[in-house]
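Heads up: the structure comes next, in structure tokens.
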Amino acid sequence: MKMNKITYTLLLFFVISGGLFAQGEIEAYNFSRKNISGTARSMGMGGAFGALGGDQTGISINPAGIAVYRSSEIVGTFDLSNNTSKVGNLKESVTDRALSNLGFVGYFPLRSDAVPLVNFGFTHHRQKSFSRKISAVGAPNNSLLYYIADRVNKYNDENPNHLATPEKLWKTEDYNPFADSYPWLGVLAYNSYLIKESTNNAYIPFTDEAVRNDLYLTESGYIDNYDFTIGTTINNKLNLGLALSVSSLSYNLYSDYREDFVNAGHYYLTNWMNTTGSGFSAKVGAIYRPIHELRIGVAYHTSTWYSLTDMFSAETTDELSNAPVPDYKPATIQSGTATNYYNLTTPDKWVFSVATVLGNRFIASLDYEITDYSKMKLSTSNDNGWYDPDNGYISI
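In our numbering, the protein residues as written are 35 to 430.
What follows is the structure, encoded as structure tokens:
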């Protein structure tokens with residue numbers, strides 16, 4: 035069973051009010067894109083350390099940077115950051131405290147002029163923090179219920195042999211539609227009387243009144259990367275490096291969405307989601323120094339192959355003014371907790387760097403990254419094509 039991606043749909047609906055996308059696309063991008071972070075030294079250079087080396091963050095950008103070291107080193111960096119999100123006149127802030135970087139480099143000189151050293155290193159680097167809070171209030175042109183009804187209608191168009199009829203959407207003590215493949219939002223909305231059948235298994239919102247909406251969203255979690263790096267230098271001109279990487283991902287999300295109608299009452303839609311998993315990747319790099327003052331670097335980062343697990347649940351609470359059925363009572367409909375196992379392949383990346391060093395007086399450095407996010411891919415272990423629609427959005 036796959037969750038009908040609720041929370042980002044809500045956020046995008048609220049902000050864009052109509053230009054909605056599948057969360058699969060957003061989720062893949064959210065886990066593929068990394069923050070600029072690292073040691074205090076590298077942050078002072080805006081994170082552009084690919085051609086300089088001799089720094090734990092520089093090693094994570096270009097593993098050839100480990101060959102710049104001429105002594106062993108242990109270093110750590112503590113990060114304190116404040117993230118502020120503003121929508122209209124509403125503002126939310128969250129303070130994040132974390133060990134941004136911790137690493138060790140071992141320097142091993144060799145008795146060779148051509149290959150004078152081999153260095154080994156281990157680095158922990160927090161690639162991304164998900165800490166964020168968002169509050170928003172608005173008056174969109176359309177209710178979210180139009181989108182929910184449309185999702186159910188499209189599902190019926192695409193699944194004529196497995197229609198989401200009213201009987202199939204209605205939850206009873208003996209039947210749980212959430213355990214089937216029907217759209218979760220549709221099941222929640224139908225059981226809360228928020229959408230109703232029109233004709234021929236087609237659904238519409240229970241009201242067409244104007245709406246005011248509120249959204250509160252909070253996120254937390256991280257992506258941590260652990261690099262095991264080896265590097266050497268040839269004739270003190272060409273540095274080469276290789277890193278094998280393991281990534282750990284943890285993501286938590288809570289959202290609460292409310293719509294108020296002019297006379298028809300209001301409802302809440304609440305969502306919880308937790309994602310955990312791990313991945314692996316590799317990096318290779320080179321730094322060439324044609325003259326003492328100039329360094330040119332290139333690095334290739336493979337895709338990260340993640341194995342992820344989502345645990346999620348949702349609920350609706352309806353308080354409608356016009357009773358949709360004779361015995362109507364306000365109620366809360368809960369989906370229960372479900373689990374989804376899937377794989378994510380992030381895009382690979384090239385990093386081209388150039389730097390100039392003039393003694394102890396002047397340093398200038400530039401990194402240029404090339405990443406094609408259309409190469410992101412979601413999949414399942416049995417490759418049943420479940421994520422083909424999401425991958426179609428990604429490839430556009």
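Don't be surprised by glycine CBs; every beta carbon is placed ideally from N, CA and C.
All values reported here derive from a predicted model rather than from experimental measurement.
Could you compute how far the alpha carbon of residue i sits from the alpha carbon of residue j?
i	j	result
residue 233	residue 187	11 Å
residue 393	residue 70	27 Å
residue 230	residue 194	19 Å
residue 199	residue 253	35 Å
residue 436	residue 279	The structure shown does not extend to residue 436, since the chain spans only 35 to 430, so no value can be given for it.
residue 319	residue 404	15 Å
residue 359	residue 62	41 Å
residue 219	residue 182	6 Å
residue 370	residue 291	18 Å
residue 55	residue 104	Residue placement at residue 55 is flagged as unreliable, the pLDDT there being 37, under the threshold of 50; the coordinate-derived value follows with that caveat. Between residue 55 and residue 104, the C-alpha separation is close to 51 Å.
residue 42	residue 265	Summary for residue 42: the model assigns pLDDT 49, below 50, so the residue's position carries little reliability; its value from the coordinates is reported in the next sentence. Going by the C-alpha atoms only, they are around 42 Å apart.
residue 282	residue 345	17 Å
Anyone know if the C-beta pair for residue i and residue j falls short of 8 Å?
i	j	result
residue 60	residue 263	no
residue 386	residue 332	yes
residue 216	residue 189	yes
residue 255	residue 305	no
residue 355	residue 377	no
residue 20	residue 374	Here the chain comprises residues numbered 35 to 430, so residue 20 is not present and cannot be evaluated.
residue 327	residue 390	yes
residue 133	residue 110	yes
residue 289	residue 260	no
residue 138	residue 152	no
I need the DSSP call for residue i, collapsed to helix, strand or coil.
i	result
residue 324	strand
residue 415	coil
residue 146	coil
residue 87	coil
residue 283	strand
residue 192	helix
residue 269	coil
residue 77	helix
residue 311	strand
residue 102	helix
residue 426	helix
residue 56	With a pLDDT of only 42 at residue 56, under the threshold of 50, the placement of this residue in the model should not be trusted, and no figure is reported.
Going by Cα to Cα distance, which pick from the options is closest to residue i?
i	options	result
residue 158	246, 258, 312 and 272	258
residue 192	82, 288, 235 and 428	235
residue 161	68, 398, 359 and 422	68
residue 239	250, 225, 281 and 142	225
For residue i, verify whether its CB is less than 7 Å away from any heavy atom of the ligand SAH.
i	result
residue 175	In the structure shown, the ligand SAH is absent, as is every other ligand, since no ligand is present at all.
inquiry  = Closer than 8 Å is the cut-off here; do at least three beta carbon pairs connect the region 197-209 with the region 166-174?
reply    = no
Requested in this report: Would you check if the region 320-337 and the region 82-98 touch, i.e. whether three or more CB-CB distances between them fall below 8 Å?
Outcome: Short answer: they touch.
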